[in-house]
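Colleague: Residue numbers (the working numbering), protein chains in the order written: chain A, 862 to 1262; chain B, 862 to 1262.
We put the beta carbon where it would ideally sit given N, CA and C, even for glycine.
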């Protein structure tokens, strides 16, 4: 079956987590993604969280790099030298989509800004991925996921009540902003298909973080409410948090009055189906009392028993899993959430793009690339002559010999 | 300027947070989004986190509902009655995109499954949004954001070391999966524009959560590592966490050796630029020592001073903001992250979609709708006769009188 983005050429100057996560999705959709890397060093995510031992292995690459760079080929280009920039320009002019996450202004200084590329290729979709956006007081400040967890207020609502803030354990802002980039590129491709017009599109960790925080900001703008950390609980409804089981923990969420009634009935009607708990507003008011009553019941049952009883009663319930339990849970494979990539000739499981397209399924054509592994192949495919490639090599375009 | 999705009709049966967050983005892009709601009750997110007083206000709607439902019109349809289902079918047949987040099988039982709609409209993009997917052991288990925070292992890596897990403070999985839905719909629209073919697409909280966790799962599959909570810190590099300032906290992230060198030089070279800290692997090994040394320096400076010094040295740094500080920070407005919606005739700020399209900018045409406010208007526009509407009304299609 065809891929939705078959034939689309993506030139990807981006590094680290967020934008590479986005271009991987474009690759899953069928696009031909060329990853531009700094000679010798490459995407610094190759080294994140690596041990000394792991780094010594041939073709060493960190788990995050492996997780976010399948379906890409790698070309090593030195943008610090004129020959490298010339190659980059010619590749850009022949691409459908260009992605970068350098600081505002860097690409223009290298002669690779939107105006220059558009002059050579009117149909290009030029996608910039910033930390805080192109303009404004923070535009030139560097940032990563954690910085935006702090800046956005996400950290201020994550943690135990009365204790210090903590981070959301995964790089949620990076990955969300990377997915936003995918949506922006796809919307622009759709528009181009209807009109013939390319355009510049933009996202940032800031916009991604604000989107994740949107209902907290709306509440603040509406009435000044500033939320604080609530452990596993939630200001929206009660019960909506972790409860203790005899062998672990489960979350139980019953926001509507009907669902709460079913929850009480499924676990211990005599102790839980009390008139004062029947209305959602009363459950919010009697939060401490309800949590104590429900916890006293749940701690007498196992996780398995709680999940069985509550899911049968159509009450939202889930076990608190470890990373390993979650990764290996059979549901992920059943839901099509796994793909297989090859790393050094051995198969390795990886997580799919976060959707399934019935008519144009995702595919994995290539494992995460070694740094610069496809430099020559890409250039010859894109119309560079063999002599030209040699000349550029001598001029240092692919790094000093 | 045109919108990328001008002329696209979206019929949106979805409720609560995740899928409505996605259809709002489609609306921002220019699509005509019709929100189908249960008569009298409506989307239950209308009531989440509301106080008794707020609920008494006319047209009351919760902050999350206001945050996630602009650019939509609301039609009240009773899918429990044949007349309501007939109206739903006719609207579906005339739509470009259909979205629902009912449990697997529910739409088919109402005669609104993919096969039925596709028979009437070969070009339809039929988007299903599930909790855990269509098949598998958990397919019929209800879930929400918190359930997937627990199931996915996100909760198991969020919190202070040695203390109980906590939630990520915002509904990151809901919002991420909602954005995944947008990407899936846009990819399908693009494919349809190239081929004329519609298709069924699917996402789920499970796929969204797994995508957010992807590098943790990859690491586990690679070598069995099961990560645990680390407060604000991170296993990927050191320093990469909150440090105390004299008047609050800042995050400092310096993963590369060059950035760490600049960090040390900008704050206290004599105390920090020590040979044993110069290599990233050594900083990981000497985590406790480095954190103590850096913290001893940062606590003598204010947040403002730290941000100023470190950002000038191109070191990733950010203040730990409260919700209010984040929402009102001037950078968000400068970056185009704010839109204005009208609520009961008063303007209210809201968060933009998480990207900007230069050639086809987002727009806000409509405030979040009152329940069923556009029932008649929509039907007349979509070719229903006035008499037909009256007949459907008598048959209870829009709720019992």
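Could you tell me whether the stretch 996 to 1003 of chain B touches the stretch 1072 to 1090 of chain B, using the rule of 3 or more Cβ pairs below 8 Å?
Modeller: no
Colleague: Measuring only the C-alpha atoms, how far is residue 1009/A from residue 1114/B?
Modeller: 11 Å
Colleague: Against chain B, with Cβ distances strictly below 9 Å, would residue 1101/A count as a contact?
Modeller: True, the Cβ-Cβ gap to chain B drops below 9 Å.
Colleague: Where do the N-terminal and C-terminal ends of the alpha helix (DSSP H) with residue 1118/B fall, by residue?
Modeller: 1118 to 1128
Colleague: Taking 9 Å as the cut-off, decide whether the C-beta atoms of residue 1178/A and residue 1026/B are in contact.
Modeller: no
Colleague: Tell me which residue opens and which closes the alpha helix (DSSP H) that residue 884/A is part of.
Modeller: 879 to 889
Colleague: By Cβ distance, which residues of its chain are closer than 6 Å to residue 1174/A, with the 5 residues on each side in sequence left out?
Modeller: For residue 1174/A, the CB contacts under 6 Å within the same chain, skipping 5 residues up- and downstream, are 1123, 1127 in chain order.
Colleague: When the Cβ atoms of the stretch 1244 to 1252 of chain A are set against those of the stretch 1193 to 1200 of chain B, are three or more pairs found closer than 8 Å?
Modeller: no
Colleague: Nearest-angstrom Cα distance between residue 898/B and residue 1205/B?
Modeller: 20 Å
Colleague: Specify whether the stretch 960 to 972 of chain A and the stretch 1144 to 1155 of chain B touch according to this definition: at least 3 beta carbon pairs, one from each stretch, less than 8 Å apart.
Modeller: no
Colleague: Strictly under 9 Å for the Cβ-Cβ distance: is residue 1047/B near chain D by that measure?
Modeller: Looking for chain D here will not work: the only protein chains present are A and B.
Colleague: Please tell me whether residue 1225/B has its Cβ less than 9 Å away from any Cβ of chain A.
Modeller: no
Colleague: Starting from the beta carbon of residue 1082/B, find every residue of chain A whose beta carbon is closer than 7 Å, and list them in chain order.
Modeller: 1188, 1209, 1210
Colleague: What do you reckon, are the CB atoms on residue 932/A and residue 888/A nearer than 9 Å?
Modeller: Going by C-beta atoms, residue 932/A is nearer than 9 Å to residue 888/A.
Colleague: Under a three-way DSSP split, which group does residue 1164/A fall into?
Modeller: In this structure, residue 1164/A counts as helix in the three-state DSSP scheme.
Colleague: Spell out whether any CB of chain B is found under 9 Å from the CB atom of residue 1063/A.
Modeller: Answer yes: the Cβ-Cβ gap between residue 1063/A and chain B drops below 9 Å somewhere.
Colleague: Measure the alpha-carbon distance for residue 870/B versus residue 1031/A and round it to whole angstroms.
Modeller: 36 Å
Colleague: Output, in chain order, the set of chain A residues within a Cβ distance shorter than 8 Å of residue 966/B.
Modeller: By Cβ distance, chain A contributes nothing, its closest Cβ being about 14 Å from residue 966/B, past 8 Å.
Colleague: Could you please tell me which residues of the stretch 1104 to 1117 of chain B, in chain order, have their CB closer than 8 Å to any CB of chain A?
Modeller: 1110, 1111, 1112, 1114, 1116, 1117
Colleague: By DSSP's criteria, residue 1063/B is part of a beta bridge. Which residues make up the other side?
Modeller: For residue 1063/B, DSSP records a beta bridge to 1217/A, 989/B.
Colleague: Go to residue 1227/A, then tell me how far its beta strand (DSSP E) extends in each direction, as first and last residue.
Modeller: Unbroken run through residue 1227/A: none, as it is neither H nor E.
Colleague: Please return the same chain residues whose Cβ sits closer than 7 Å to the Cβ of residue 915/B, not counting the five positions on each side in sequence.
Modeller: 921
Colleague: Is the beta carbon of residue 1215/B sitting closer than 9 Å to the one on residue 880/A?
Modeller: no
Colleague: Determine, using beta carbons only, whether residue 1029/B comes closer than 9 Å to chain A.
Modeller: The beta carbon of residue 1029/B sits closer than 9 Å to some beta carbon of chain A.
Colleague: Starting from residue 1182/A, find everything on chain B with Cβ-Cβ shorter than 9 Å and list it in chain order.
Modeller: 1011, 1012, 1013, 1014, 1016, 1017
Colleague: Determine the contact status of residue 937/A and residue 1220/B, defining contact as a CB-CB distance below 9 Å.
Modeller: With contacts defined by Cβ atoms closer than 9 Å, residue 937/A and residue 1220/B do not form a contacting pair.
Colleague: What does the Cβ neighbour count give for residue 1022/A, buried or exposed, with the cut at 16 atoms within 10 Å?
Modeller: Exposed, since its Cβ has fewer than 16 Cβ neighbours within 10 Å.
Colleague: Helix, strand or coil: how does DSSP classify residue 1209/B here?
Modeller: strand
Colleague: Return the first residue and the last residue of the alpha helix (DSSP H) that residue 1013/B is part of.
Modeller: Residue 1013/B -> no alpha helix (DSSP H), and no H or E assigned at all.
Colleague: Should residue 862/A be labelled buried (16 or more other beta-carbon atoms within 10 Å of its own) or exposed?
Modeller: exposed
Colleague: Does any residue of chain A have a CB that is nearer than 9 Å to the CB of residue 1020/B?
Modeller: yes
Colleague: Below 9 Å between beta carbons: does that hold for residue 958/A and residue 985/A?
Modeller: yes
Colleague: How would you list, in chain order, the residues of chain A whose beta-carbon sits under 7 Å from the beta-carbon of residue 999/B?
Modeller: 1192
Colleague: With H, G and I counted as helix, E and B as strand and the rest as coil, what does DSSP make of residue 978/A?
Modeller: helix
Colleague: Would you kindly report the start and end of the unbroken alpha helix (DSSP H) that includes residue 924/B?
Modeller: 924 to 929
Colleague: Among residues of its own chain, excluding the 5 on either side of residue 977/B, which ones have a beta-carbon nearer than 8 Å to its beta-carbon?
Modeller: Within the same chain, and ignoring the five residues on either side of residue 977/B in sequence, the residues whose Cβ sits closer than 8 Å to its Cβ are 950, 969.
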